[in-house]
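Engineer: These protein sequence lines are chains R and U, in that order.
88 is the number that numbering that gives the first Met the number 0 gives to position 89 of the first sequence; each next residue is one higher, with no gaps.
178 is the number that numbering that gives the first Met the number 0 gives to position 179 of the second sequence; each next residue is one higher, with no gaps.
Please see the structure below; I have some questions.
Number of protein chains: 2
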Amino acid sequence: MVVFDGFTDLDFYLPWDLLNRVRLLKLKENWKVEILCDESQIFSAAGLPLTSSQPYSFAASCDALLFCSGPKTRELIKDKTFLNNFKSLESRQIIAAIDSGALILGALNLLQDKNATTYPTAFEALAEYGAKVKTNEAFISDGNIATGARCLSGDKLALWIIEKLIGAHISEKVFESVKPLC
Amino acid sequence: MVVFDGFTDLDFYLPWDLLNRVRLLKLKENWKVEILCDESQIFSAAGLPLTSSQPYSFAASCDALLFCSGPKTRELIKDKTFLNNFKSLESRQIIAAIDSGALILGALNLLQDKNATTYPTAFEALAEYGAKVKTNEAFISDGNIATGARCLSGDKLALWIIEKLIGAHISEKVFESVKPLC
Numbered sequence: 000m001v002v003f004d005g006f007t008d009l010d011f012y013l014p015w016d017l018l019n020r021v022r023l024l025k026l027k028e029n030w031k032v033e034i035l036c037d038e039s040q041i042f043s044a045a046g047l048p049l050t051s052s053q054p055y056s057f058a059a060s061c062d063a064l065l066f067c068s069g070p071k072t073r074e075l076i077k078d079k080t081f082l083n084n085f086k087s088l089e090s091r092q093i094i095a096a097i098d099s100g101a102l103i104l105g106a107l108n109l110l111q112d113k114n115a116t117t118y119p120t121a122f123e124a125l126a127e128y129g130a131k132v133k134t135n136e137a138f139i140s141d142g143n144i145a146t147g148a149r150c151l152s153g154d155k156l157a158l159w160i161i162e163k164l165i166g167a168h169i170s171e172k173v174f175e176s177v178k179p180l181c
Numbered sequence: 000m001v002v003f004d005g006f007t008d009l010d011f012y013l014p015w016d017l018l019n020r021v022r023l024l025k026l027k028e029n030w031k032v033e034i035l036c037d038e039s040q041i042f043s044a045a046g047l048p049l050t051s052s053q054p055y056s057f058a059a060s061c062d063a064l065l066f067c068s069g070p071k072t073r074e075l076i077k078d079k080t081f082l083n084n085f086k087s088l089e090s091r092q093i094i095a096a097i098d099s100g101a102l103i104l105g106a107l108n109l110l111q112d113k114n115a116t117t118y119p120t121a122f123e124a125l126a127e128y129g130a131k132v133k134t135n136e137a138f139i140s141d142g143n144i145a146t147g148a149r150c151l152s153g154d155k156l157a158l159w160i161i162e163k164l165i166g167a168h169i170s171e172k173v174f175e176s177v178k179p180l181c
C-alpha cells in the first residue's frame, strides 16, 4: 500500500483491513501487507499517525500495489524522484489505485487507453493522461490495473487484488466475513 | 469511540473517517472525535498501534458513544470495572455499537426489549440480554441506541450518530463525500 502524508483515512484503512484478513483468517501462508512510504511516520487526514514498513523503492518487490489518495497526489504527480520509484513496474504486478491515487498511475503513463475512474473532481485530470474515464462506475478493472472512485469502493479494490493474486474462492471468503446482511 | 486491545480494524477506522469528516469538511464547530481507552496505546487486530485520547470514564461527558468490536468484548462483558465506566449513561446520549460491541450494551442492560443486531456468531449471546435480535438487517436503531452487523455497516452507524446530533442535512453531506457511484 503506497501512502503519503495527509492520506485519506478510509482509502487506506478500508482496504488495509480486508487485505490483512487473508493473513488473519489463515487463508494463505506468507501473505504480508506492507506500508510503503519514504517518511517513517506520516499522519492521516483525520490525524492518526501511521508508520511505514518499507520505502517506496520496495514497490519493485511487491506482487501487488495499491496507491492511496489524498491532496498530496497533486504534488506527487509532478515529483520525479517519487515517480522514479515506480518506473520499473512490470506487467506481472497487480496495480490498483483509489480516488486521486489514480492520477499517480496516469503520471506513470500506465493508463494510456485504459478504462479507469477516480474521485469525480479528478475526472478531467485523469482524462489528460489518456485514460478512458468512466464517470458512472465505482470500480473499473482493465487487465492488471484497477481503479476505484469514492472512498467506500476501497473494498472492491482490495477484493480484486486478493482475487487476482490467490483466486475468487479466497476473496469471497474475505468478503463473507465483512459483508452487510442487506 | 470506545476501543480496546485487538479491536477489529474496520469497525473502528470506517466510522472514524466518517465522524471526522464533520470536522474536516467544516460542517460543525467544536466537533471532536475522542478515542476512549484506559490503556494509552493498544493495537488493532491487524497490528496498527492506536493511542487513546481519553480514559473510559470520559464516556459520561460524551454526546455520543460508539462501541467498537473485537474478541476482547467477551472478556469485557464480565469485567465490572470496565462496565462501571458506562453505568451512568443518560438517555440524552446517543449510543451505538458495531458487531460484538453490542454485547457490551447488553451487559450494561441497555438492550432489554430493544431491537438490535450484532455479528451473526453473537446473535444468541445478544438475545440472552433480552434484546429483540433482528438477524436480517445490517443496521437497527431503536430510540437513542443503534447497532450494526458486519464490519461494512459501520458507515450507517456513523451517519446515524451525525444525523441524531446535528441533522440529516449534515449526515447527507458526509455520505455524499464517500458514497460509491453505483
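The beta-carbon is built from N, C-alpha and C at its ideal position, and this holds for glycine as well.
Can you list, in chain order, the residues of its chain whose CB lies under 6 Å from that of Pro48 of chain R, leaving out five sequence neighbours each side?
Structural biologist: Taken in chain order, the residues that qualify are Gln40 and Phe42.
Engineer: Would you mind listing the alpha helix (DSSP H) stretches within the region 95-137 of chain R that are 4+ residues and don't spill past its ends, in chain order?
Structural biologist: Listed in chain order, they are 100-106 and 122-126.
Engineer: Which residues, in order along the region 135-157 of chain U, keep a beta-carbon less than 9 Å from a beta-carbon of chain R?
Structural biologist: Asn135, Glu136, Ala137, Phe138, Gly147, Ala148, Arg149, Cys150, Leu151, Ser152, Asp154 and Lys155
Engineer: In terms of alpha-carbon separation, which member of R:Ser51, R:Glu74 and R:Leu158 lies closest to Leu46 of chain U?
Structural biologist: In the sequence under discussion, the amino acid at residue 46 of chain U is Gly, which differs from the Leu named in the question. The candidate whose alpha carbon is nearest that of Gly46 of chain U is R:Ser51.
Engineer: If Ile76 of chain R and Ala115 of chain R are in contact, beta carbons under 8 Å, what's the gap, nearest whole angstrom?
Structural biologist: In fact, because the Cβ distance is near 14 Å, the residues do not count as touching under 8 Å.
Engineer: Sorted by chain position, which residues of the same chain lie with C-beta nearer than 6 Å to Ser68 of chain U's C-beta, five sequence neighbours on each side aside?
Structural biologist: Thr7, Asp10, Ile97, Asp98, Ser99 and Gly100
Engineer: Where Ile21 of chain R and Ser170 of chain R are concerned, what is the direct C-alpha to C-alpha distance, given to the nearest angstrom?
Structural biologist: Rather than Ile, the amino acid found at residue 21 of chain R in this sequence is Val. Their Cα atoms are separated by approximately 8 Å.
Engineer: Does the CB of Leu9 of chain R have a neighbour CB from chain U at under 7 Å?
Structural biologist: It does: the Cβ of Leu9 of chain R has a partner Cβ on chain U nearer than 7 Å.
Engineer: With a threshold of 16 other CB atoms inside 10 Å of the CB of Lys155 of chain R, please say whether the residue is buried or exposed.
Structural biologist: Buried.
Engineer: Taking the continuous beta strand (DSSP E) assigned at Gly142 of chain R, which residues delimit it?
Structural biologist: Looking at the DSSP string, Gly142 of chain R is not in any beta strand (DSSP E), and its letter there is neither H nor E.
Engineer: Check whether the region 117-127 of chain R touches the region 83-95 of chain R, counting contact only when three or more Cβ pairs, one atom from each stretch, lie closer than 8 Å.
Structural biologist: no
Engineer: Quick one: list the residues of chain R neighbouring Lys178 of chain U, beta-carbon separation under 7 Å, in chain order.
Structural biologist: Arg149 and Leu151
Engineer: Gly5 of chain R and Pro70 of chain R: beta carbons closer than 7 Å?
Structural biologist: yes
Engineer: What did DSSP end up calling Gly147 of chain U once you bin it into helix, strand or coil?
Structural biologist: strand
Engineer: Please state the DSSP three-state secondary structure of Ala50 of chain R.
Structural biologist: Per the sequence shown, the amino acid found at residue 50 of chain R is Thr instead of Ala. Correct three-state label for Thr50 of chain R: strand.
Engineer: Would you call the CB atoms of Ile144 of chain U and Lys113 of chain U closer than 7 Å?
Structural biologist: yes
Engineer: Return the first residue and the last residue of the beta strand (DSSP E) that Phe66 of chain U is part of.
Structural biologist: Ala63 to Phe66
Engineer: For Lys178 of chain R, which of U:Cys61, U:Gly147, U:Leu65 and U:Gly142 has the nearest alpha-carbon?
Structural biologist: U:Gly147
Engineer: For Gly105 of chain U, count neighbouring C-beta atoms within 10 Å of its own C-beta (all shown protein chains included) and say buried if the count is 16 or more, exposed if not.
Structural biologist: buried
Engineer: Over what stretch of residues does the beta strand (DSSP E) that includes Ile185 of chain U continue unbroken?
Structural biologist: Limits of chain U in this structure are 0 at one end and 181 at the other, which puts residue 185 of chain U out of reach.
Engineer: Taking Cβ-Cβ distances shorter than 7 Å, what residues in chain R pair up with Trp15 of chain U?
Structural biologist: In chain order: Asp8 and Ala45.
Engineer: So which of U:Ala44, U:Ser60, U:Phe174 and U:Glu175 has the shortest CA-CA distance to Val2 of chain U?
Structural biologist: Considering only alpha carbons, the answer is U:Ala44.
Engineer: Quick check on Tyr12 of chain U - is its C-beta less than 7 Å from some C-beta in chain R?
Structural biologist: So yes, Tyr12 of chain U belongs to the interface.
Engineer: Could you pull the start and end residues of the alpha helix (DSSP H) that Phe81 of chain R belongs to?
Structural biologist: Per DSSP, Phe81 of chain R is one residue of the alpha helix (DSSP H) stretching across Lys79 to Asn83.
Engineer: Counting along the chain, where does the alpha helix (DSSP H) carrying Ile34 of chain R start and finish?
Structural biologist: Segment: none, Ile34 of chain R is in no alpha helix (DSSP H) and carries neither H nor E.
Engineer: Going along the chain, which residues of the region 18-38 of chain U sit with their C-beta nearer than 7 Å to a C-beta in chain R?
Structural biologist: Against chain R - using a Cβ distance shorter than 7 Å - the residues of the region 18-38 of chain U are Asn19 and Leu23.
Engineer: Anyone know if the C-beta pair for Ala137 of chain U and Pro14 of chain U falls short of 7 Å?
Structural biologist: no
Engineer: Cβ of Val1 of chain U versus every heavy atom of the ligand MG: is any distance shorter than 6 Å?
Structural biologist: In the structure shown, the ligand MG is absent, as is every other ligand, since no ligand is present at all.
Engineer: So, at 8 Å on beta carbons, what are the nonlocal neighbours of Leu24 of chain U in its own chain, with the 5 sequence-adjacent residues on each side left out?
Structural biologist: Lys172, Val173 and Ser176
Engineer: I'd like to know if Ser39 of chain R contacts chain B, where contact means its C-beta is closer than 7 Å to some C-beta of that chain.
Structural biologist: Protein chains in the displayed structure are R and U, and chain B is not among them.
Engineer: Are the Cβ atoms of Thr80 of chain R and Ile103 of chain R separated by less than 7 Å?
Structural biologist: The Cβ atoms of Thr80 of chain R and Ile103 of chain R do not sit closer than 7 Å to each other.
Engineer: Ordered along the chain, which non-local residues of its own chain (more than five positions away) have a Cβ less than 6 Å from that of Val32 of chain U?
Structural biologist: Leu18 and Asn19
Engineer: Can you list, in chain order, the residues of its chain whose CB lies under 6 Å from that of Asn84 of chain R, leaving out five sequence neighbours each side?
Structural biologist: Tyr55, Ser56 and Ala58
Engineer: Which residues in the same chain as Gly129 of chain R place their Cβ atom closer than 7 Å to its Cβ, once the five residues preceding and following it in sequence are excluded?
Structural biologist: Leu110, Gln111 and Asp112
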